[in-house]
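*Asks:* Residue numbers (the numbering used here): 1332 to 1704. Every residue gets a Cβ at the ideal spot worked out from N, C-alpha and C, and that includes glycine.
Structure below.
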């Protein structure tokens, strides 16, 4: 079984899908590992480190030759995979909804494409969940990005010249990224509040020492979808939420938005009028900007100013912490493949529950129900 770790092709992608640590572990399973030269350089991993771990390092053609499993962070260009074994697995974050044409090309090429972001949120798959591992560090980085753009201090400071008030930070969307953003902002000394459409998150917010801001007396709306994701809210809830947020957001210095709904554009959480109500010099970080954005006027890849408020819309935030996010992403991939490794076949054999959830293509066809519905 040959596993290939490919150099990322997407613009600005600094992560890599394998590290010397996971290379050693794959070799211990009985696999051989080939790494495309330069694959880890932007994550501060030299080719020599892969070679020392037991991998062969070469150009793309040599890396792909006969490879049965192709590992990537983002989905590779189907046209660039010549030489891989027939029916090779492509294991990566494949953005199935946003890159459907590419998924169709994987099917036409006879590849078995496995979308790691479709990993079911079940207990035994937690260590395989790339969305959680990458979102955790995205939430952390969002607070650091906010602090870098905010022209004031985060913590309260008492000096002989007077007192500096603590920044007020409001986190909208309390999934993995939001929870880490709360924790990080608290560590930096901010006064933190947070909200979410899922009622179950209130206890989580308060457990981190933040103030929970929730719509009250809107019956029957919990906001909990399948797999722990948020669902689209009713018009009644949206109106109540907008009123609550409008009154709260005007008092905030920092706002971080993290709300995403799988397979749909990001929900709009902050309007232009709400931005205008904020204090001059406030900062908003929109972690959903690449999916359409939670914030009106946010621009992917840019920091813009509207009504005297900075709106931060960095692309691919996990890639901004490439060394750590690569390490976690690589462990997710190893945990996934090793959990299904059949020693007799010297290859992974997926079970039905996880296999059907993440498999996009097989036998020349698109087979995932989420793409066929």
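Return helix, strand or coil for residue 1394, following the three-state DSSP convention.
*Replies:* It is helical.
*Asks:* So which of 1704, 1420, 1413 and 1389 has the shortest CA-CA distance to residue 1664?
*Replies:* Ranking 1704, 1420, 1413 and 1389 by Cα distance to residue 1664 puts 1420 first.
*Asks:* What is the residue span of the alpha helix (DSSP H) that residue 1583 lies within?
*Replies:* It is not in any alpha helix (DSSP H) - residue 1583 carries neither H nor E in the DSSP assignment.
*Asks:* Spatial neighbours of residue 1632 within its chain, please: CB distance less than 6 Å, with the 5 preceding and 5 following residues excluded, ordered by chain position.
*Replies:* The answer, listed in chain order, is 1646.
*Asks:* Output the residue ranges of the alpha helix (DSSP H) runs that lie fully inside the region 1410-1474 and measure 4 residues or longer, sorted by chain position.
*Replies:* Counting only runs of 4 or more, we get 1431-1439.
*Asks:* Report buried or exposed for residue 1528, applying the criterion of at least 16 other Cβ atoms within 10 angstroms of its Cβ.
*Replies:* Buried is the call here.
*Asks:* Enumerate in chain order the residues of its own chain whose CB-to-CB distance from residue 1333 is below 6 Å, with the five nearest sequence positions on each side excluded.
*Replies:* Only 1363, 1397, 1398 and 1399 meet the Cβ criterion.
*Asks:* So who's on the other strand from residue 1692, going by DSSP bridges?
*Replies:* Beta-bridge pairing links residue 1692 to 1697.
*Asks:* Going by the beta-carbon positions, is the gap between residue 1425 and residue 1446 smaller than 7 Å?
*Replies:* Against a cut-off of 7 Å, the Cβ pair of residue 1446 and residue 1425 comes out as a contact.
*Asks:* With residue 1595 as the anchor, note down where its alpha helix (DSSP H) starts and where it stops.
*Replies:* Per DSSP, residue 1595 belongs to no alpha helix (DSSP H) and is neither H nor E.
*Asks:* Kindly indicate which three-state DSSP category residue 1493 falls into: helix, strand or coil?
*Replies:* The answer is strand: DSSP assigns residue 1493 an E or B state.
*Asks:* If you drop the 5 nearest sequence neighbours on each side, which residues of the same chain put their C-beta closer than 6 Å to that of residue 1378?
*Replies:* Once the five neighbours on either side are set aside, the close Cβ partners of residue 1378 are 1368 and 1388.
*Asks:* Would the region 1507-1523 and the region 1572-1588 be scored as touching if the rule is three or more Cβ pairs under 8 Å?
*Replies:* Flag = yes, the region 1507-1523 and the region 1572-1588 touch.
*Asks:* What's the call for residue 1417, buried or exposed, on a 16-neighbour Cβ count within 10 Å?
*Replies:* Under this definition residue 1417 is an exposed residue.
*Asks:* Going by CA-CA distance only, name the one from 1531, 1520 and 1547 that's closest to residue 1540.
*Replies:* The candidate whose alpha carbon is nearest that of residue 1540 is 1520.
*Asks:* From residue 1611 to residue 1573, what does the alpha carbon distance come to, in whole angstroms?
*Replies:* Rounded to the nearest angstrom, the two C-alpha atoms are 21 Å apart.
*Asks:* For the region 1618-1630 against the region 1598-1608, do three or more pairs of beta-carbon atoms, one drawn from each stretch, fall closer than 8 Å, so that the two count as touching?
*Replies:* These segments touch.
*Asks:* Measure the C-alpha to C-alpha separation of residue 1659 and residue 1353 and round it to an integer number of angstroms.
*Replies:* Each residue's Cα considered, the two are about 10 Å apart.
*Asks:* Using the three-state DSSP reduction, which class does residue 1628 fall into: helix, strand or coil?
*Replies:* Of the three classes helix, strand and coil, the one that applies to residue 1628 here is coil, per DSSP.
*Asks:* When you compare each of 1494, 1340 and 1642 to residue 1405 by their alpha carbons, which one comes out closest?
*Replies:* Nearest of 1494, 1340 and 1642 to residue 1405, Cα basis: 1340.
*Asks:* Please go through the region 1625-1690 and give each complete beta strand (DSSP E) segment of 3 or more residues, from N-terminal end onward.
*Replies:* Counting whole runs of 3 or more residues, the region 1625-1690 contains the beta strand (DSSP E) stretches 1633-1637 and 1640-1644.
*Asks:* Return helix, strand or coil for residue 1505, following the three-state DSSP convention.
*Replies:* Residue state, collapsed to three classes: coil.
*Asks:* For residue 1578, is the classification buried or exposed, using 16 other Cβ atoms within 10 angstroms of its Cβ as the cut-off for buried?
*Replies:* Label assigned to residue 1578: exposed.
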